[in-house]
Amino acid sequence: DQQVKQNSPSLSVQEGRISILNCDYTNSMFDYFLWYKKYPAEGPTFLISISSIKDKNEDGRFTVFLNKSAKHLSLHIVPSQPGDSAVYFCAAHPGGKLIFGQGTELSVKP
Amino acid sequence: ETGVTQTPRHLVMGMTNKKSLKCEQHLGHNAMYWYKQSAKKPLELMFVYNFKEQTENNSVPSRFSPECPNSSHLFLHLHTLQPEDSALYLCASSQVGPFGGPYGYTFGSGTRLTVV
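As they're listed, the protein sequences go chains A and B. So the first sequence is numbered by our numbering: it starts at 912 and just counts up by one. So the second sequence is numbered by our numbering: it starts at 93 and just counts up by one.
Here's what the structure looks like:
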């Protein structure tokens, strides 16, 4: 049973516009979430995180929103740049391990 | 060398072969992990080692055998694999404990394994 889900396998956005990547989770006990970014032929790299005591965390062009009642989080990238094209993984962090979603491949077109 | 290094980067093996994947971390972390990434599927946690002790085996078939001789090295021994085992195998390390955090995971670049 998949505990972290990213239902959109791909997303295409025009440069300068907003990219919104979504993630749902099933376990209400999860209290820390992360987004990772992965380029081809490289390992995932940490992007931004959020604790369940917050509903928003911002870092430059990247903002993560958490809706605990809906068990949903989203990553907003504004403005999107071609260099943001990559696969984005949502992850939950229960008990010292990371549980990942399937990933969403973002393509930002010039 | 810094970070998490995985070798080889690419591996093609037959179903009757025995091979090993190697992971080395130079970050002073105390936990290491093997993940599997198949196309269109989540990153799947396979094994967790804390302070060289295996603390999690996520129902991985016995044809995958991990080894952690010290906190800096992690191996994944492979034998009699199936074509469906073809995937990207990622190693990661982190610092577990009061001075670590979930954002502290560092991944290697992975080994692209093809079983023929």
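Glycine included, C-beta positions come from ideal geometry on N, C-alpha and C.
By the 10 Å Cβ neighbour count, where 16 or more other Cβ atoms means buried, how is residue i classified, buried or exposed?
i, result
"Y125 (chain B)", "buried"
"N122 (chain B)", "buried"
"Y141 (chain B)", "buried"
"D966 (chain A)", "exposed"
"A179 (chain B)", "buried"
"Q62 (chain B)", "Residue 62 (chain B) lies beyond the residue range present for chain B, which begins at 93 and ends at 208; the question has no answer from this structure."
"L127 (chain B)", "With the sequence shown as reference, residue 127 (chain B) is identified as Tyr, and Leu is not the correct amino acid for it. That one is buried."
"S923 (chain A)", "exposed"
"G927 (chain A)", "exposed"
"S960 (chain A)", "buried"
"V989 (chain A)", "exposed"
"G1006 (chain A)", "exposed"
"T198 (chain B)", "buried"
"Q174 (chain B)", "exposed"
"D970 (chain A)", "exposed"
"G994 (chain A)", "exposed"
Does DSSP put residue i in a helix, in a strand, or in coil?
i, result
"D912 (chain A)", "coil"
"E926 (chain A)", "coil"
"P153 (chain B)", "coil"
"P161 (chain B)", "strand"
"D177 (chain B)", "helix"
"D942 (chain A)", "coil"
"L90 (chain B)", "Because chain B spans 93 through 208 in this model, residue 90 (chain B) falls outside it and cannot be assessed."
"M138 (chain B)", "strand"
"K132 (chain B)", "coil"
"M124 (chain B)", "strand"
"H118 (chain B)", "coil"
How would you list, in chain order, the residues of chain C whose beta-carbon sits under 8 angstroms from the beta-carbon of residue i?
i, result
"L182 (chain B)", "No chain C appears in this structure, whose protein chains are A and B."
(message) I'd like to know if the region 995-1003 of chain A and the region 168-177 of chain B are in contact, where contact means that at least 3 CB-CB pairs between them fall below 8 angstroms.
(response) Taking 8 angstroms as the limit for Cβ pairs, the verdict is that the region 168-177 of chain B does not touch the region 995-1003 of chain A.
(request) Jot down the residue ranges of each uninterrupted beta strand (DSSP E) in the region 947-1013 of chain A, minimum 3 residues, whole runs only, in chain order. (result) Listed in chain order, the complete beta strand (DSSP E) runs (minimum 3 residues) inside the region 947-1013 of chain A are 956-962, 967-970, 973-978, 983-988 and 997-1003.
(message) Quick check: the region 1000-1017 of chain A against the region 932-948 of chain A, are at least 3 beta-carbon pairs closer than 8 angstroms?
(response) Result yes; three or more Cβ-Cβ pairs closer than 8 angstroms.
(message) At a CB distance below 8 angstroms, what residues from the region 952-976 of chain A approach chain B? Give them in sequence order.
(response) Under the 8 angstroms Cβ criterion, the region 952-976 of chain A contributes A952, E953, G954, P955, T956, F957 and S960.
(request) Could you tell me whether the region 914-933 of chain A touches the region 1004-1021 of chain A, where touching means 3 or more Cβ pairs closer than 8 angstroms? (result) Because the criterion of three Cβ pairs below 8 angstroms is met, the region 914-933 of chain A and the region 1004-1021 of chain A touch.
(request) Scan the region 121-149 of chain B for residues whose Cβ lies nearer than 9 angstroms to a Cβ of chain A and list them as they occur along the chain. (result) Per Cβ criterion, the list reads A123, Y125, Y127, Q129, K132, K133, P134, L135, E136, L137, V140, N142, T147 and E148.
(request) Examine the Cβ distances between the region 199-206 of chain B and the region 102-112 of chain B and report whether three or more of them are shorter than 8 angstroms. (result) They touch, by the three-pair rule.
(request) Select from the region 997-1008 of chain A all residues with a C-beta closer than 7 angstroms to any C-beta belonging to chain B, and list them in chain order. (result) Flagged, chain order: F1000, H1004, G1007 and K1008.
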